[in-house]
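Residue numbers (the numbering used here): 2 to 271.
Encoded structure:
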């Protein structure tokens with residue numbers, strides 16, 4: 002039986018996940034703060050998928066009114082940048098109901114704990130909800146045009162955690178049905194400290210500041226991730242792993258991540 006799912010954020014990841022989970026037989030609605038994105042979805046009559054997923058997929062609701070997509074939903078998936086997690090928690094707090102689950106996709110580092118704190122500040126600390134987070138994005142995606150998104154890969158073996166950990170995974174079991182290779186992580190420390198973006202994105206950005214400062218366009222990974230940049234990434238990743246070990250978490254290295262998530266092997270990150 003299909004679940005009622007709300008996707009918060011209609012960027013590349015939000016549109017990709019909304020369309021994919023609708024293809025899997027679930028009733029999916031999507032919200033975005035910028036109504037122009039919503040208008041594009043409604044004008045097309047859904048979201049057009051390309052790449053490893055294909056087809057025009059219709060959604061239940063596409064709206065710029067967040068109150069329309071929260072009540073009555075089994076699962077709410079937040080796909081906005083981490084800097085907006087707290088604002089989203091505050092915005093959805095009045096409409097949340099006991100028994101729901103909210104999953105941050107991705108959670109970045111301890112996003113679920115910050116989200117829970119924001120709900121407490123909004124006066125909703127007594128709600129019986131489960132907050133989950135995914136280590137990184139399950140779908141490698143890119144917007145090609147209005148309501149048109151390419152999915153180049155569905156990552157494998159990504160950890161998913163819940164907060165509090167003793168809530169278990171029952172309320173988010175649908176994620177493991179749609180992404181069956183995903184791993185049930187013991188807690189948010191595992192998903193948070195395995196956040197590879199913390200190793201990659203600052204390193205690539207820092208060593209490409211000249212191009213960025215000049216306003217030059219470049220392909221972030223294809224052109225910005227060079228053998229020299231990869232050396233810094235490896236060093237930063239080593240520090241991340243050391244912190245995880247010190248906190249009692251067995252980390253996945255960046256090389257191990259590429260092996261499991263993308264089925265690629267190599268001795269160097271580059």
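The beta-carbon is built from N, C-alpha and C at its ideal position, and this holds for glycine as well. Given the structure is predicted, the values throughout are model-derived calculations rather than measurements.
Going by beta carbons, residue 183 and residue 128 fall outside the 9 Å limit. Boundaries of the alpha helix (DSSP H) around residue 206: 198-207.
In its chain, beyond the 5 residues on either side, 179 have a beta carbon closer than 7 Å to the beta carbon of residue 25. Between residue 238 and residue 254, the beta carbon gap of about 6 Å places them in contact (Cβ cut-off 8 Å). Apart from the 5 residues on each side of it in sequence, residue 41 sits with its Cβ closer than 8 Å to the Cβ of 147, 148 in its chain, given in chain order. Rounded to whole angstroms, the gap between the alpha carbons of residue 34 and residue 84 is 14 Å. Annotation: the continuous alpha helix (DSSP H) that includes residue 231 extends over 228-247. The beta carbons of residue 189 and residue 164 sit about 5 Å from each other, so the pair counts as a contact at 8 Å. Here DSSP, grouped into helix, strand and coil, assigns residue 14 to helix. Three or more Cβ pairs closer than 8 Å define a contact, and the region 103-116 meets that threshold against the region 186-203. For residue 44, no beta strand (DSSP E) encloses it; the enclosing alpha helix (DSSP H) starts and ends at 36-45.
In the DSSP assignment, residue 219 falls outside any beta strand (DSSP E) and carries neither an H nor an E. Comparing alpha-carbon positions, the option among 153, 10, 102, 120 lying closest to residue 134 turns out to be 102. Counting only residues of its own chain and dropping the five nearest sequence neighbours on each side, residue 156 has a CB closer than 6 Å to the CB of 139, 262. Here the C-alpha atom of residue 6 lies approximately 6 Å from the C-alpha atom of residue 30. Following the DSSP letters along the chain, one finds residue 7 in no alpha helix (DSSP H) but inside the beta strand (DSSP E) bounded by residues 5-9. Contact check for residue 194 and residue 248: beta-carbon distance about 7 Å, within the 8 Å limit, so the pair qualifies. Distance check between residue 99 and each of 3, 175, 73, 38 places 73 closest, using alpha-carbon atoms only. A Cβ-Cβ contact shorter than 9 Å links residue 21 with residue 54. Residue 50 carries a strand assignment under DSSP once its states are collapsed to helix, strand and coil. In the DSSP assignment, residue 140 falls within the unbroken beta strand (DSSP E) covering 140-146.
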